[in-house]
Amino acid sequence: YAQKKLREWQEKEAKKFFEMTRKKQHFDSTERTCNQTILSLSKIVSENILTTLNTEEIVQKLHDNPENKLALWEQMKIIIFTRMCVVVYALSILQVTLRVQLNIIGGYLYRDSVLEHEPMIDSDLQSKYLSLCHHFVGPGLEDLVRQIE
Numbered sequence: 006y007a008q009k010k011l012r013e014w015q016e017k018e019a020k021k022f023f024e025m026t027r028k029k030q031h032f033d034s035t036e037r038t039c040n041q042t043i044l045s046l047s048k049i050v051s052e053n054i055l056t057t058l059n060t061e062e063i064v065q066k067l068h069d070n071p072e073n074k075l076a077l078w079e080q081m082k083i084i085i086f087t088r089m090c091v092v093v094y095a096l097s098i099l100q101v102t103l104r105v106q107l108n109i110i111g112g113y114l115y116r117d118s119v120l121e122h123e124p125m126i127d128s129d130l131q132s133k134y135l136s137l138c139h140h141f142v143g144p145g146l147e148d149l150v151r152q153i154e
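Residue numbers (my numbering): 6 to 154.
Following this line, the structure appears as C-alpha cells:
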C-alpha cells in the first residue's frame with residue numbers, strides 16, 4: 006500500500022513539474038518574441054519620429070544666415086523638445102502595448118494547447134489584435150506628434 010501511494014505521489018509530482026516546466030518554456034518563448042518584436046519596431050518608430058520631426062531643413066536655413074534666425078531657433082527648440090517627448094512616450098507605449106498583447110495571445114495559445122478543444126482565439130483575431138500596434142507605428146505616431154507639439 007505504501008509503495009503504491011509513494012508511486013502515485015511521485016507521478017503526481019513529476020506531472021506537476023512537467024507542467025511547470027512547460028509553462029516556463031512557453032512564457033520564456035513569449036518573452037523572447039516580445040523582446041525581438043520590440044527591438045525591430047522601436048527602430049521603425051525612431052526612424053519615423055526622425056522623419057516626421059526633421060530639423061535638417063531648419064539647420065540648412067540657419068547656415069544661410071537669414072534675418073529670422075531667432076524664429077528659426079525657436080522652431081528648432083520646439084521640434085527637438087517634441088522629438089524627445091515623442092520618443093519617450095512612443096517607445097513606452099510600444100513596449101507596454103506589445104508586452105500586454107503578446108502575453109495575452111501567448112496565454113490563450115498555451116491554454117488552447119493544454120485543453121484540446123476549439124481554440125479561443127483564431128489567427129484572424131490574432132492578426133487584428135496585433136495590427137493595433139502597426140497602426141500606432143504609422144498614423145498613431147503622427148497623432149502623438151500633433152498632440153505633443
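For each residue, glycine too, the CB sits at the ideal point set by N, CA and C. Quantities reported herein were computed from a predicted structural model and do not represent experimental measurements.
Residues in the same chain with beta-carbon distance under 8 Å from residue i, minus the five sequence neighbours each way, listed in chain order, please.
i	result
LEU99	ILE43, LEU46, SER47, VAL50, CYS138, PHE141 and VAL142
LYS82	none
GLN80	ILE63
First and last residue of the alpha helix (DSSP H) that includes residue i?
i	result
TYR94	74-119
PHE32	7-57
ILE153	146-153
GLU61	61-68
HIS122	Where HIS122 is concerned, there is no enclosing alpha helix (DSSP H), given that its DSSP letter is neither H nor E.
ASP127	Segment: none, ASP127 is in no alpha helix (DSSP H) and carries neither H nor E.
Quick one: Cα of residue i to Cα of residue j, how far?
i	j	result
HIS31	LEU77	53 Å
GLU16	GLN8	12 Å
TRP14	LYS21	10 Å
ASN70	ILE84	20 Å
ASP117	ILE110	10 Å
CYS3	GLU154	Outside the displayed range of the chain (6 to 154) lies residue 3, so it cannot be described from this structure.
ASN40	VAL92	18 Å
Leaving aside the five residues before and after residue i along the sequence, list all residues of the same chain whose C-beta is less than 6 Å from its C-beta, in chain order.
i	result
THR57	VAL150
Grab me the residues of residue i's own chain with a C-beta within less than 7 Å of its C-beta, minus the 5 sequence neighbours each way, in chain order.
i	result
ALA95	VAL50, ILE54, LEU146 and LEU149
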